[in-house]
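Presented below is the structure to which this report refers.
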Amino acid sequence: LWSQVLERLQLNLSRPTFETWIKTASAQSFEHNCLVIRTPNPFARNWLQKYYINTIANVVQDIVGHPVEIYFTVAQGDEASHISDQKVDWDSPPQGNISQKPVNNQPKTFQLNPKYVFSRFVVGANNRMAHAAALAVAESPGMEFNPLFLCGGVGLGKTHLMQAIGHYRLEFFPDSKIFYVSTEKFTNDFITAIGKKDGMQSFREYYRTADILLVDDIQFIEGKEGTQEEFFHTFNTLYEAGKQVVIASDRPPNQIPRLQERLCSRFSMGLIADIQAPDLETRMAILQKKAEYENIRLPRDVIEYIAANYTSNIRELEGALIRALAYISIWGLPMTVENIAPVLEPPMEKLETTPEIILKVVSENLNISIEDLKGNSRRREISWARQIGMYLMRQNTDLSLPRIGEEFGGKDHTTVLYSCEKITQLRDNNPELTQTLKQLNDRIQMNSRPKK
Ligand code: ADP
Ligand code: MG
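The sequence shown: position 55 = 62 (full-length UniProt numbering), numbered continuously.
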């Protein structure tokens with residue numbers, strides 16, 4: 008069985024992927040519909056488990072003719088490469104592990120991640136304005152831009168930049184009161200306070216003594232009326248006392264749904280500075296700097312290669328670097344582009360979904376024959392299944408509306424468009440339909456093959 012599996016996988020996967028992940032594994036046992044695959048180390052096990060389990064399951068199912076459960080083990084003793092699991096924190100890129108406990112005697116920086124300082128922040132065209140504003144605020148809090156509202160997508164440096172303000176201030180004025188708080192924590196503190204005798208009073212005293220209040224991920228305040236009310240008062244008190252407020256959000260204030268108008272206007276009163284995705288040069292500079300701090304020398308082409316593959320999220324960019332480093336050290340390889348390719352490839356994104364797969368999945372799961380899907384019957388179940396099929400094809404392939412119409416036996420593109428819009432509308436108010444669509448989507452993914 009295993010040699011057949013290897014043969015098929017070789018056709019389906021790229022060469023570096025196959026050589027690194029599949030060839031080094033072997034079949035340990037195949038009983039009771041369970042295939043146990045032995046991998047040389049924990050890193051390989053995790054990687055196979057995360058990215059290749061579906062591909063392998065599909066191939067095995069094709070060969071034996073029924074579904075098989077796939078398990079992975081790590082080779083023990085002499086056969087194992089001598090690597091311990093601890094060494095590799097490959098799945099958790101560095102992120103702000105910020106202590107949530109407001110313990111009194113902790114040093115003032117306890118809420119701040121020591122790595123999030125200005126000197127480690129790479130300035131590029133994407134964040135120049137936000138960086139300049141943060142620096143200005145750090146130098147003269149309450150004077151320049153109040154509040155400073157930082158906005159930008161996930162993993163683009165908002166938290167880093169806002170904490171840098173705190174570090175900077177504490178370096179020069181160790182006694183200043185810098186509060187960094189996630190919106191979640193503010194909300195929880197507020198809720199806890201309500202439930203306690205004198206709770207509200209100490210809550211207010213605590214937050215209103217800040218010299219600088221840094222509030223992260225304010226978008227999570229959406230719809231929380233009580234928290235918004237309380238935050239409004241906290242904000243006003245600090246603002247009127249000339250204290251600085253810095254807010255971070257993944258979108259501008261006017262795009263946060265269910266945010267009270269008066270808060271929205273307060274947030275827009277100072278400066279709204281946005282952070283965009285970094286360009287290639289900036290991404291390379293970030294990797295370079297990171298490597299310097301870790302005391303690692305990286306070849307330029309390796310930096311460029313990683314930077315080229317991760318474009319929209321700096322946390323993921325850093326994660327890829329860490330994975331590459333872990334991988335290189337585990338297999339004892341020199342740091343080259345060729346050697347790190349297997350850990351950078353995001354294999355799941357390269358699935359190829361064909362119209363046939365979608366028709367087959369819809370037909371099997373909604374019990375309507377493919378002929379009926381392609382035919383002209385207006386029976387309710389049939390046209391319903393057809394509409395779902397068109398919607399799924401639109402979502403899962405690059406096909407144009409007329410091409411999708413053709414796949415359904417030559418329907419007009421306006422019919423396809425109507426179906427997609429109808430399902431989209433219904434979906435948003437109908438959890439049951441949402442669930443059905445999710446199941447169908449999962450099945451489609453399962454049946455799709457990696458692109459060659
Ligand atoms: P956000 O809060 O916007 O989701 P973070 O501030 O948590 O993003 O940043 C994600 C990771 O990327 C952090 O490890 C951070 O240090 C790093 N990072 C973001 N922007 C930069 C930058 N300009 N220079 C260096 N590192 C950065
Ligand atoms: Mg953040």
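Yeah, the Cβ is synthetic: ideal placement off N, Cα and C, and Gly gets one too.
With a threshold of 7 Å, the Cβ atom of H174 does not count as near the ligand ADP, since no heavy atom of the ligand is closer than that.
For the pair of segments examined, the stretch 147 to 162 was found to touch the stretch 314 to 327: the number of CB pairs separated by less than 8 Å reaches three. Contact between L399 and I337 is ruled out by a C-beta separation of about 40 Å, above the 8 Å threshold. By the criterion of at least three beta-carbon pairs nearer than 8 Å, the stretch 145 to 152 is not in contact with the stretch 194 to 203.
DSSP places G230 in no beta strand (DSSP E); its state is neither H nor E. Proximity to E323 across L340, G164 and C41 peaks at G164, based on C-alpha coordinates. Rounded to the nearest angstrom, the Cβ distance from L220 to L245 is 6 Å, consistent with a contact under 8 Å.
Using a C-beta cut-off of 8 Å, the stretch 388 to 395 makes contact with the stretch 413 to 433, since at least three inter-stretch Cβ pairs fall below that distance.
Between E76 and N40, the alpha-carbon positions lie close to 6 Å from each other. Rounded to whole angstroms, the gap between the alpha carbons of R135 and F156 is 15 Å.
Where G159 is concerned, the enclosing beta strand (DSSP E) starts and stops at L155 to G159. Exclusion of the five residues before and after N261 leaves C271 and S275 as the residues of its chain whose Cβ lies within less than 8 Å of its Cβ.
The closest CA to that of E26, considering only S36, L55 and L42, is found on L55. Of the residues I293, M291, P259 and R290, the one whose Cα lies closest to the Cα of G277 is P259.
E26: not part of any alpha helix (DSSP H); DSSP gives it neither H nor E. The alpha-carbon of E325 is positioned some 7 Å away from that of L294. Relative to the ligand MG, the nearest heavy atom lies less than 7 Å away from the CB of A255.
V43: member of the beta strand (DSSP E) spanning C41 to T46, first to last residue. Separation of the CB atoms of I225 and T190 is rounded to 5 Å, and the pair is thereby assigned contact status at 8 Å. The three-state secondary structure of A34, taken from DSSP, is strand. Relative to the non-hydrogen atoms of the ligand MG, the Cβ of K165 comes within a distance shorter than 7 Å of at least one.
At a Cβ-Cβ threshold of 8 Å, A255 and T166 count as neighbours. When DSSP states are grouped into helix, strand and coil, I303 belongs to the coil group.
In the assembly as shown, R52 is a buried residue. Its beta-carbon has 16 or more other beta-carbons within 10 Å.
The three-state secondary structure of R456, taken from DSSP, is strand. Annotated three-state conformation of A348 is helix, per DSSP. Judged by the Cβ position, D435 fails to qualify as a neighbour of the ligand MG at the 7 Å threshold, every heavy atom of the ligand being at least this far. Comparing alpha-carbon positions, the option among P49, A139, V144 and T62 lying closest to F79 turns out to be P49.
Counting only the Cα atoms, P264 lies some 29 Å from I185. In the DSSP assignment, S256 falls within the unbroken beta strand (DSSP E) covering Q251 to S256.
Sequence-distant partners of K418 (beyond 5 residues in either direction) whose C-beta falls short of 7 Å from its own C-beta, in its chain, are G412. For R135, the shortest C-beta to heavy atom distance toward the ligand ADP is 7 Å or greater. A distance of 8 Å or more separates the beta carbons of P362 and L424. One alpha carbon belongs to K445, the other to G382, and they sit about 25 Å apart. Taking all protein chains shown into account, G173 has 16 or more neighbouring C-beta atoms within 10 Å of its C-beta and is therefore buried. Around the Cβ of S455, a 10 Å sphere holds 16 or more other Cβ atoms; the residue is buried.
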